[in-house]
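Student: One structure follows; several queries about it will come next.
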Amino acid sequence: MRISNAMLCYNSHSINPIFSGNHSGMITVLEKPIPFGGGIQLPPNKAISLEQPLKKAKLPSLVKIPLRQHIGLPALSIVKAGERILKGQIIAKEQGSISAPIHASTSGYIKEIAEHLIPNPSGAMSPCIVIEADGEDKWVEKKRPIVDFYSLSPVKIQQKILEAGVVGLGGAGFPSAVKIIPGFNLDIELLVLNAAECEPFISCDETLIRHFAKDVITGIEILAHALQVDECVIAIEDNKTEAINVLQETLDSNANIDIKLRLVSSLYPAGGEKQLIKSITGIEVAAEGLPVDIGVVCYNVGTAVAVKKAIIDDEPLISRIVTVSGPGVNQACNLEVLLGTPINEVIAQCGGYSEPYEYLIMGGPMMGFRLYDDDVPVIKTTNCLLAVAAKNNNSKIEESPCIRCDECAPVCPVKLQPQQLHWHSKEFNPERLLDYHLFDCIECGCCSYVCPSHISLVDEYRQSKNRIWDNRRNQLQAVENKQRYLNKQNRIEQQKLDKRNKRLVSAGKNTDNESALKKKQDDIAAAVNRVKAKRKTSNS
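Be aware that the sequence shown starts at 511, since it is given in our numbering, and climbs by one per residue.
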């Protein structure tokens, strides 16, 4: 079974398998981006949430902060129930190299550390630190802002980004500090800032650019210094006119390094990492490869602002901008929300649910997932809450068997064969799924969107990926269990051998003592005999 780099990245405690660094040659940013291949044109539906100004969400009375909010290993709690904590205080530390710490988003008391529902596709529960807010919103200590980040070494910048708990805010949640490691070992040629927010309804990145463009630029400069790159580019969709104008004005007046602005197609999924890189450089990241393999590192614009806050403002990642939209909510808008805020409170601040509301999606309509309960917290990867309106039961379309039309293949932006993946997913053939590069699927949903049989192809692929992950974890666990058993057996045998040796040594010591005693007795008897013989001679 072939395992991709991404799979190794997820399971490994070492960062070594993640970056191969086998690239050569110069990367050129194209003056005019090229098509990435595949994709579909979707109605943006972003204006509805952009009409309202950015607002700060109200301070919640209770926050639930999951220990797993990022790719990799969950954080480890370092607080106890009843403990007084302050805003920005670290409450869970990272474990392993692919992880991130977590901080309190407000001040208060630790109510409990227990299993609670968290936002995920399966509706599963996970350990959460529950904070009862005191309403003071008091920071942990006086901040130590840094004016000149160039005085910091790349190692120090990486450490501060790690300590601030910064992860990718574009949706994936990959710990951001890990991406800086290649800057010490590899020749990174290009830093790409992803502002191509291509999925319908989501407008949190566009809102962030409109309000914090200067912070975006500063974050880029910090990342460029940490990665030791000379070439930087911001890639944004060509239909975001206001955001483009704000960025260009800010670049002209505030940028201290050369940062190019490139407009890419609004064709979905133009914001996919590999698709974006191909559009602006013409270089295609290999199957099962990563951008760093060709000398490129990619960050989301929201992540750049979080980096700026971590380095310049000495603030950890405790809040983010969330788009609330869809026909099922009364007032679509963008809110800056503290992490851990219950989603039902966020919806309430947007006027509550409208009459046709049916369910919530976290993320966009293409790559998001349904929430089965709105009493779950906002986490680091919550970029959008989409309220879906109820439909007439007669209008619901049921799934039908695949008709082998092959309409899914041309729209796949990764050039996969969705139909073959569908068949092998249904019968769950891991070997064949990997032969058809299942783990290169970015789960964009283009194939499901165009399928005339209305087959939930992406859901099938996700389930297959999870089953392969489970099988691999079980295999690794079985190997570890076997090794532990063998180690135990070796210890038992060694203990038996040690005991036997002790008995032999003890027996040997006893034999020596008996021999010495017998010799001593013989010597005494011989001496007595000599005395007797001498007396006898004297008497005669």
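We treat Cβ as the ideally placed atom computed from N, Cα and C, and that holds for glycine.
Could you tell me whether the region 567-580 touches the region 588-599, using the rule of 3 or more Cβ pairs below 8 Å?
Tutor: no
Student: Quick check on the DSSP output: the beta strand (DSSP E) that includes E741 runs from which residue to which?
Tutor: 741-747
Student: Buried or exposed, going by whether 16 or more other CB atoms sit within 10 Å of the CB of H934?
Tutor: The residue is buried, with at least 16 neighbouring Cβ atoms inside 10 Å.
Student: Taking the CB atoms as reference points, tell me whether C808 and I769 lie closer together than 7 Å.
Tutor: Annotated as distal: C808 and I769, with beta-carbon spacing of 7 Å or more.
Student: Could you tell me whether the region 842-861 touches the region 789-802, where touching means 3 or more Cβ pairs closer than 8 Å?
Tutor: no
Student: Taking three-plus beta-carbon pairs below 8 Å as touching, is the region 809-829 in contact with the region 972-986?
Tutor: no
Student: I965 and E909: beta carbons closer than 7 Å?
Tutor: yes
Student: Consult DSSP for V886 and reduce its assignment to one of helix, strand or coil.
Tutor: coil
Student: Tell me where the alpha helix (DSSP H) around Y660 begins and ends.
Tutor: No alpha helix (DSSP H) holds Y660; DSSP gives it neither H nor E.
Student: Decide yes or no for the touch test of the region 633-650 against the region 712-729: beta carbon pairs closer than 8 Å, at least 3 of them.
Tutor: no
Student: Using 8 Å as the cut-off, can you tell me whether the region 718-725 makes contact with the region 919-927, which would need three or more C-beta pairs spanning the two stretches below that distance?
Tutor: no
Student: Give the straight-line distance between the Cα atoms of E642 and I600, rounded to the nearest whole angstrom.
Tutor: Pairing E642 with I600, the inter-Cα distance amounts to about 16 Å.
Student: Do the region 875-892 and the region 664-674 touch if we need at least three Cβ pairs shorter than 8 Å?
Tutor: no
Student: Based on DSSP bridge pairs, tell me the residues matched to V898.
Tutor: As a beta-bridge residue in DSSP terms, V898 pairs with Y869.
Student: What number of angstroms, rounded off, separates the C-alpha of P940 from the C-alpha of I978?
Tutor: Straight through space, the alpha carbons of I978 and P940 are spaced by roughly 7 Å.
Student: Do L845 and S615 come within 7 Å of each other at the CB atom, strictly closer than that value?
Tutor: No, they are not a contact pair.
Student: If A608 and I639 are in contact, beta carbons under 8 Å, what's the gap, nearest whole angstrom?
Tutor: Per the sequence shown, the amino acid found at residue 608 is Ile instead of Ala. Not a contact, Cβ separation roughly 21 Å.
Student: For I544 versus G781, is the C-beta distance shorter than 7 Å?
Tutor: no
Student: Given that a residue counts as buried once 16 or more other Cβ atoms are within 10 Å of its Cβ, and exposed if not, what is K890?
Tutor: buried
Student: With 16 other CB atoms within 10 Å as the buried threshold, where does L733 fall?
Tutor: Buried, because 16 or more other Cβ atoms sit within 10 Å of the Cβ of L733.
Student: Give me, in chain order, the residues of the same chain whose beta-carbon lies closer than 8 Å to that of I493; leave out the 5 immediate sequence neighbours on both sides.
Tutor: Here the chain has residues from 511 to 1050 only, and residue 493 is not among them.
Student: Express the C-alpha separation of D1032 and V1041 in angstroms, rounding to a whole number.
Tutor: 14 Å
Student: Roughly how many whole angstroms lie between the Cα atoms of K750 and R994?
Tutor: 57 Å
Student: Let me know the alpha helix (DSSP H) ranges lying completely inside the region 719-793, each 4 residues or longer, listed in chain order.
Tutor: 751-764, 783-791
Student: Is it the case that the Cβ atoms of A706 and A745 are separated by a distance below 7 Å?
Tutor: yes
Student: Would you tell me roughly how many angstroms separate the C-alpha atoms of L552 and V921, rounded to the nearest one?
Tutor: Straight-line Cα distance between these residues: approximately 12 Å.
Student: So for C1067, helix, strand or coil by DSSP?
Tutor: Residue 1067 cannot be examined here, being either before or after the span of the chain that is shown, 511 to 1050.
Student: Select from H626, N1011, D748 the residue whose C-alpha is nearest the C-alpha of R578.
Tutor: H626
Student: Report the three-state DSSP secondary structure of C918 (helix, strand or coil).
Tutor: helix
Student: Using beta-carbon positions only, say whether D823 and R654 come within less than 7 Å of one another.
Tutor: With a cutoff of 7 Å on beta-carbon distance, D823 and R654 are scored as not near each other.
Student: Could you give the DSSP three-state label for F879: helix, strand or coil?
Tutor: strand
Student: Looking only at DSSP bridge pairs, what is S835 linked to?
Tutor: L896
Student: Using C-beta distances below 6 Å, list every residue in its chain close to G633, excluding the 5 sequence neighbours before and after it, in chain order.
Tutor: Y882
Student: When you compare only the Cα positions, how much space is there between V774 and L540?
Tutor: 11 Å
Student: Given I581, which residues of its chain have a CB within under 6 Å of its CB, disregarding the five upstream and five downstream residues?
Tutor: G683, F684
Student: Do you know offhand how far Q738's Cα is from P887's?
Tutor: 37 Å
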